[in-house]
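Novice:
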Amino acid sequence: MKKYLYLGITLSVLLSSCTQETKVEQVVYEGSAKEAIIDNLLSRRAIRKFTDQQVSQDQLDTIMKATIYAPSALNKQAWEIRFIQNPKIIAEINQRFLTFAQGKEFQGSAAKYREPGFSISHHAPTFVVIATEKGAAHARLDAGIALQNILLSSHALGLGTCPLGTIVPILNLPENADLLRLINIPEDYEVTINVALGYPAESPTAPVRYSDKVKVIR
Ligand SMILES: Cc1cc2nc3c(=O)[nH]c(=O)nc-3n(C[C@H](O)[C@H](O)[C@H](O)COP(=O)(O)O)c2cc1C
Numbered sequence: 004m005k006k007y008l009y010l011g012i013t014l015s016v017l018l019s020s021c022t023q024e025t026k027v028e029q030v031v032y033e034g035s036a037k038e039a040i041i042d043n044l045l046s047r048r049a050i051r052k053f054t055d056q057q058v059s060q061d062q063l064d065t066i067m068k069a070t071i072y073a074p075s076a077l078n079k080q081a082w083e084i085r086f087i088q089n090p091k092i093i094a095e096i097n098q099r100f101l102t103f104a105q106g107k108e109f110q111g112s113a114a115k116y117r118e119p120g121f122s123i124s125h126h127a128p129t130f131v132v133i134a135t136e137k138g139a140a141h142a143r144l145d146a147g148i149a150l151q152n153i154l155l156s157s158h159a160l161g162l163g164t165c166p167l168g169t170i171v172p173i174l175n176l177p178e179n180a181d182l183l184r185l186i187n188i189p190e191d192y193e194v195t196i197n198v199a200l201g202y203p204a205e206s207p208t209a210p211v212r213y214s215d216k217v218k219v220i221r
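Counting from 1 along the sequence shown, just add 3 to a position and that's the residue number in the working numbering.
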């Protein structure tokens with residue numbers, strides 16, 4: 004079955020005294036393709052349990068392409084993004100969190116940091132760092148869009164993700180600058196968000212959504 008239609012829309016644009024034709028090509032998804040795309044948006048969940056299976060290079064290539072194609076203000080792409088699969092670096096990131104956390108209280112899953120075997124990145128085999136240029140206008144918003152491309156492309160591949168905001172300020176502490184240097188984040192960049200990535204080992208239901216926060220005004 005044909006999944007989508009290419010609509011070639013020809014617009015006649017009158018410029019000065021001459022007529023110039025502009026061809027507009029637009030992909031219109033129909034039927035099962037349309038449903039799959041919307042379902043991908045709705046069924047993505049934050050995953051906090053992962054198997055040990057590593058994400059393959061093929062899968063990373065797809066996710067990285069989706070990331071690179073995220074829109075950004077003035078197309079500046081003022082981000083530096085790393086997909087870390089080195090277990091020693093991921094363990095060190097987790098250790099830096101534990102060192103910082105001692106004696107402190109946290110909300111969410113980080114509240115359990117005293118439990119044996121705790122991992123701030125939920126034991127995911129791949130840890131993503133999205134850093135943005137310090138002070139660059141809209142860079143953090145751009146990072147959010149790149150984040151969503153990572154979440155949705157991963158989900159489309161059957162992988163699980165969890166955005167990780169808790170560890171962000173800790174990675175930006177001066178005493179952890181060596182870690183950012185290790186993964187080649189330039190000094191004028193700061194971590195904006197992290198992501199746990201791997202094969203899901205749970206299927207959580209969607210937490211409550213506040214539908215009345217989104218309205219149509221006519
Ligand atoms: C910016 C941001 C930061 C987040 N930080 C964390 C985090 O540090 N740890 C965690 O387990 N989940 C974190 N989450 C996941 C949210 O808790 C989750 O997306 C939310 O509860 C909605 O659930 P859903 O993603 O399954 O729809 C974060 C999500 C976002 C968007």
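The C-beta atom is built at its ideal place from N, Cα and C for all residues, glycine as well. Please read all numbers here as calculations on a predicted model, not as lab measurements.
For F109, collect the residues of the same chain with a Cβ closer than 8 Å to its Cβ; drop the 5 residues on either side in sequence, then sort them by chain order.
Specialist: If we look at F109 and ignore the five residues flanking it on each side, its Cβ neighbours are Y116 and T169.
Novice: Are the CB atoms of P207 and R47 within a distance shorter than 8 Å?
Specialist: no
Novice: With a threshold of 7 Å (Cβ to nearest heavy atom), would A49 be considered close to ligand 1?
Specialist: yes
Novice: Under 8 Å between the Cβ atoms of V131 and I84?
Specialist: yes
Novice: Out of F86, K107, L182 and V31, point me to the one whose CA is closest to A149's CA.
Specialist: F86
Novice: In or out: D191 buried (at least 16 other Cβ within 10 Å) or exposed?
Specialist: exposed
Novice: Where does T39 land, buried or exposed, given buried means 16+ other C-beta within 10 angstroms?
Specialist: Note on identity: in this sequence residue 39 is Ala, with Thr being the wrong assignment. Exposed: under 16 other Cβ atoms inside 10 Å.
Novice: Mapping DSSP to helix, strand and coil, what is R85?
Specialist: strand
Novice: Could you tell me the alpha carbon to alpha carbon distance between N179 and R212, rounded to whole angstroms?
Specialist: 36 Å
Novice: Using the Cβ count rule (16 or more neighbours within 10 Å means buried), how would you classify L162?
Specialist: With 16 or more other Cβ atoms from the protein chains shown falling within 10 Å of its own Cβ, L162 counts as buried.
Novice: Check whether the Cβ of P172 lies closer than 7 Å to any heavy atom of ligand 1, and answer yes or no.
Specialist: Here the distance from the Cβ of P172 to the nearest heavy atom of ligand 1 is not below 7 Å.
Novice: According to the Cβ coordinates, are A146 and K79 closer than 8 Å?
Specialist: no
Novice: For the stretch 17 to 100, which segments carrying the beta strand (DSSP E) assignment without a break, of at least 3 residues, lie completely within its bounds, in sequence order?
Specialist: 21 to 32 and 82 to 87
Novice: Quick check on DSSP: helix, strand or coil for A134?
Specialist: The answer is strand: DSSP assigns A134 an E or B state.
Novice: Considering only the alpha carbon of each residue, which of K68, L167 and E205 lies closest to N197?
Specialist: L167
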